[in-house]
Amino acid sequence: MNITLQEVSSENQLEEFVEFPFRLYRRHPHWIPPIKAMEKALLRPASNPAFRHSEAVLFLATQDGRTVGRIAGLINRLECEKLGEIHARFGWLDFEDDP
8 MNITLQEVSS ENQLEEFVEF PFRLYRRHPH WIPPIKAMEK ALLRPASNPA
58 FRHSEAVLFL ATQDGRTVGR IAGLINRLEC EKLGEIHARF GWLDFEDDP
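The numbers in the sequence shown follow this note's numbering, run straight up by one, and end at 106.
Here is the structure:
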């Protein structure tokens, strides 16, 4: 079974990116869900001032048409300029356990 990575490029995909952990962790007794509106605002360049000097790319992992994971890659250009080298960070890493 193949897993496909797809870059988030639409509002529907952003919605899926935010919703995925709600399904993944719904039965986990210690999971504290984020506020969805805040999560969406944080991930939208138009509403997050950090995107003036940063870039992010979001990906959904799908298998048989179903979301099975997500990840984000981030680069802060100000940090890279100050350090003189490119640094990237990864976050929002959530995925189904598939042994």
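Idealized CB from N, CA, C, for every residue including glycine. Treat the numbers as computed from the prediction; the structure is a model and nothing was measured.
Have a look at residue i and residue j and give me their C-alpha separation to the nearest angstrom.
| i | j | result |
| --- | --- | --- |
| residue 90 | residue 52 | 24 Å |
| residue 86 | residue 9 | 36 Å |
| residue 20 | residue 63 | 15 Å |
| residue 18 | residue 78 | 16 Å |
| residue 38 | residue 70 | 24 Å |
| residue 93 | residue 80 | 13 Å |
| residue 105 | residue 76 | 11 Å |
| residue 35 | residue 50 | 24 Å |
| residue 15 | residue 33 | 23 Å |
Between the options, which lies nearest to residue i when the distance is taken from Cα to Cα?
| i | options | result |
| --- | --- | --- |
| residue 88 | 22, 46, 24 and 60 | 60 |
| residue 83 | 42, 57, 28 and 25 | 57 |
| residue 47 | 26, 66 and 35 | 26 |
For a quick check, are the C-beta atoms of residue i and residue j less than 8 Å apart?
| i | j | result |
| --- | --- | --- |
| residue 12 | residue 68 | yes |
| residue 40 | residue 101 | no |
| residue 23 | residue 74 | yes |
Taking all protein chains shown into account, decide if residue i is buried (16 or more other Cβ within 10 angstroms of its Cβ) or exposed.
| i | result |
| --- | --- |
| residue 65 | buried |
Starting from the N-terminal side, write out each stretch of the alpha helix (DSSP H) that is 4 residues or longer and does not extend beyond the region 11–83. 18–31 and 43–50
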